Amino acid sequence: MSRRGALLLAAGGLAQLSLPGAAPAAPARAADHRAEVEALLAGRARALAAGPPALPLAEAGYRNLVLGPAGAPDRLTVTAELAVRVAGYDEYPVVHPRRLTLLRAADGWRVEREEGAGGPPPLWDLGTVTAVRGERALVLGVAGGPDPAGPAAVADRAVLAVAELWGTGWANRLLLEVPATEAQFARLLEAEPAAWSAMAAVTTAAPGAPWHTPADRVVLNPQAYGGLSDFGRQVVITHEAVHVATRADTRAWTPLWLSEGVADWTGYRGSGRSPRQIAPELARDVAAGRLPSALPADQDFTAGAAGIAQAYEQAWLACELIARRHGPERLAALYRAVGAAGRGSGREQLLDRVFRAELGLGLAEFTGLWLAEVRRLGE
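In this text, residue positions in the sequence shown follow this note's numbering: the first is 9, and each later residue adds one.
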């Protein structure tokens, strides 16, 4: 054998000796289980939608699934959006980001844990949900909290009161959520409890629905709401119902003194209460020589802000002045005109233009008239 042949043979032998054995099977990837996971969560959503009658869901479903490993071959993590729609109330699904941990069992995957992954939680995350239907309202309450029957009756009356002024071009129904504690109330708002302890109720636009058909919820603070008189509860729920009714007419440039003022004015409408009874904090300030110099700014309505009670009372007085001088229908028309005015100029210029068109006087003149009304509270 030639020297070259020997070298080639040796090289071939080395190559044969160094050939790798059969490659081990690649471990299963999270994505390989997608079909199984999708089927599992579809069944879980069907069970939720067909669950107890207390939770009247027209539809439920997990979407936008992202699968990932959970540190062990028999575990998976899944992030998804849980989209749910309350029957008879939501035109579009409300979206809750979720995080699930799945465990591999003998018969397939099962959900070991499900929790929120951002945003306010669904009400059933807080406890067992009960429901009471009124003629124009649905109240969902967490076990251990106030009886939902009381707020349902109040909400029915509120819808009628709001429709008298604002018409029937809105949903004409309310969906209320009643958590069991103030801490749960804060969780639903994603806020610190201390900042909202004085708020009896808040209207929120649930995430996921488009602006023109928001999924509004009126969320009650069980402690603050429970401390109100029957009259106070009616004012509060009527106030929140106005926010629901005027959602389509409310824009970023609508001043809070106007949106909060019309809500309070509608709530107190026809009550027979005097201005000093409706605005006691402002009346005391005026009597002590503490007078505002301008209509309240948006930041004055921040939860927990000093003087927030006076801001609401000032807003009510401004809208009461408009309704008394120009009529309730003109107050509603002014509100809608502000929302329809659009951007393009500063807020003060926009309001001045709308005030002149709707009321026949400029914003500065109106502010002067309002300040005169404020001073009368101290007389």
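Note that CB positions come from ideal geometry on N, CA and C, so glycine has one too.
The model shown is predicted, which means the values in this text are computed figures rather than measured ones.
Ignore the nearest five residues each way along the sequence and tell me which others in A57's own chain have a CB closer than 7 angstroms to its CB.
Counting only Cβ-Cβ distances below 7 angstroms, and skipping sequence neighbours, we find L65, E67 and A68.
For V210, which residues in the same chain have their Cβ closer than 7 angstroms to its Cβ, ignoring the five residues on either side in sequence?
Taken in chain order, the residues that qualify are L197 and V227.
According to the neighbour-count rule (16 or more other Cβ atoms, all chains shown, within 10 Å of its Cβ), is D357 buried or exposed?
A quick correction: the sequence has Gln, not Asp, at residue 357. Result: exposed.
The beta strand (DSSP E) spanning Y70 covers which residue range?
Its beta strand (DSSP E) spans residues L65 to P77.
Assuming the contact rule is C-beta atoms closer than 8 angstroms, W265 and P304 should be a hit. Round their C-beta distance to whole Å, please.
Cβ atoms of W265 and P304 come within 8 angstroms of each other, at about 5 angstroms.
For the beta strand (DSSP E) containing P105, list its first residue and its last residue.
Residues V102 to A113.
Does any residue of chain B have a CB that is nearer than 8 angstroms to the CB of G79?
Structure shown: chain B not included; a single protein chain is present.
Nearest to A317 by alpha carbon, out of L329, A340 and D293?
Just measuring C-alpha positions, the residue of L329, A340 and D293 sitting nearest A317 is D293.
Under 8 angstroms: do the segment 279-295 and the segment 334-351 share three or more Cβ pairs, one atom per stretch?
They do not touch, by the three-pair rule.
Take E337 as the anchor and find which of E373, V270 and G79 has the nearest alpha-carbon.
The option with the nearest alpha carbon to E337 is V270.
Mapping the DSSP letters down to three states, classify E200 as helix, strand or coil.
In the structure shown, E200 sits in coil (DSSP, three-state: anything other than H, G, I, E or B).
Can V140 and I245 be called in contact, C-beta distance under 8 angstroms?
In this structure, the beta-carbon distance from V140 to I245 does not fall below 8 angstroms.
Proximity below 8 angstroms, CB of V147 to CB of Q192:
Against a cut-off of 8 angstroms, the Cβ pair of Q192 and V147 comes out as no contact.
Of all the options R107, T274 and P230, which has the alpha carbon lying nearest to the alpha carbon of A326?
If we check each option's Cα against that of A326, T274 comes out closest.
Could you pull out every unbroken alpha helix (DSSP H) segment of at least 4 residues lying fully inside the segment 243-278, listed in chain order?
DSSP runs (the alpha helix (DSSP H)) wholly in the segment 243-278: 264-276.
Identify whether R195 lies in helix, strand or coil by the three-state DSSP scheme.
R195: helix per DSSP, three-state reduction.
If you follow the beta strand (DSSP E) that W178 is part of, which residue opens it and which one closes it?
Neither: W178 is in no beta strand (DSSP E) and is coded neither H nor E.
Close-in-space but distant-in-sequence residues of the same chain around R181 (CB under 8 angstroms, 5 per side omitted)
Once the five neighbours on either side are set aside, the close Cβ partners of R181 are G96, Y97, R144, A145, L146 and V167.
Pull up the distance between the alpha-carbon of E387 and that of A372, whole angstroms please.
Looking at the two C-alpha atoms, the distance is approximately 24 angstroms.
Secondary structure at T212, three-state DSSP: helix, strand or coil?
In this structure, T212 counts as strand in the three-state DSSP scheme.
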